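Under UniProt numbering, the residue at position 55 of the sequence shown is numbered 55, and the numbers go up by one with no gaps. Ideal Cβ positions, reconstructed from N, Cα and C, are used throughout, including at glycine. None of these values were measured; they are calculated from a predicted model. For reference, the structure discussed in these notes is given below.
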Amino acid sequence: MTYTENGGQVDVGSCVSTFSRDGKFVLNKNGTNFDGTWNEVKNENLHTFKLNVLSSDTSLLKTNGIWQVVIATSTHIDITDPDEGKRRTVHFNR
Numbered sequence: 001m002t003y004t005e006n007g008g009q010v011d012v013g014s015c016v017s018t019f020s021r022d023g024k025f026v027l028n029k030n031g032t033n034f035d036g037t038w039n040e041v042k043n044e045n046l047h048t049f050k051l052n053v054l055s056s057d058t059s060l061l062k063t064n065g066i067w068q069v070v071i072a073t074s075t076h077i078d079i080t081d082p083d084e085g086k087r088r089t090v091h092f093n094r
């Protein structure tokens, strides 16, 4: 996982994410698992992805919220903050 804010990459450690079809995911950061939930909504105007990581780790909490989907494939997800003023993106790779 890569997280950027205002054009600069934020160190979130070594993170690997596993998404399941039932709306749950596990984010493994440096060998520690953090559970979370996700929800995807598609309509004619907007494709959004809501993330909620259950963690007290402030770098992981930055990923919580509603994101606009840029790319979503079986191996890659790129999401961006719909508030253009925040300039935040998250990239997940398998």
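C-beta atoms of residue i and residue j nearer than 8 Å
i   : j   : result
N64 : N45 : no
S55 : V10 : no
L27 : S20 : no
T37 : Q68 : no
Cβ separation of residue i and residue j, assumed to be a contact under 8 Å, to the nearest whole Å
i   : j   : result
N39 : G13 : In fact, because the Cβ distance is near 25 Å, the residues do not count as touching under 8 Å.
Nearest-angstrom Cα separation, counted from residue j out to residue i
i   : j   : result
D35 : K50 : 14 Å
N93 : P82 : 21 Å
T80 : T4  : 9 Å
N33 : M1  : 14 Å
N43 : R87 : 23 Å
G85 : G7  : 12 Å
Boundaries (first-last residue) of the beta strand (DSSP E) holding residue i
i   : result
L61 : Not the beta strand (DSSP E): L61 falls in the alpha helix (DSSP H), residues 58 to 61.
Counted within 10 angstroms of its Cβ, other Cβ atoms place residue i as buried (16 or more) or exposed
i   : result
I77 : buried
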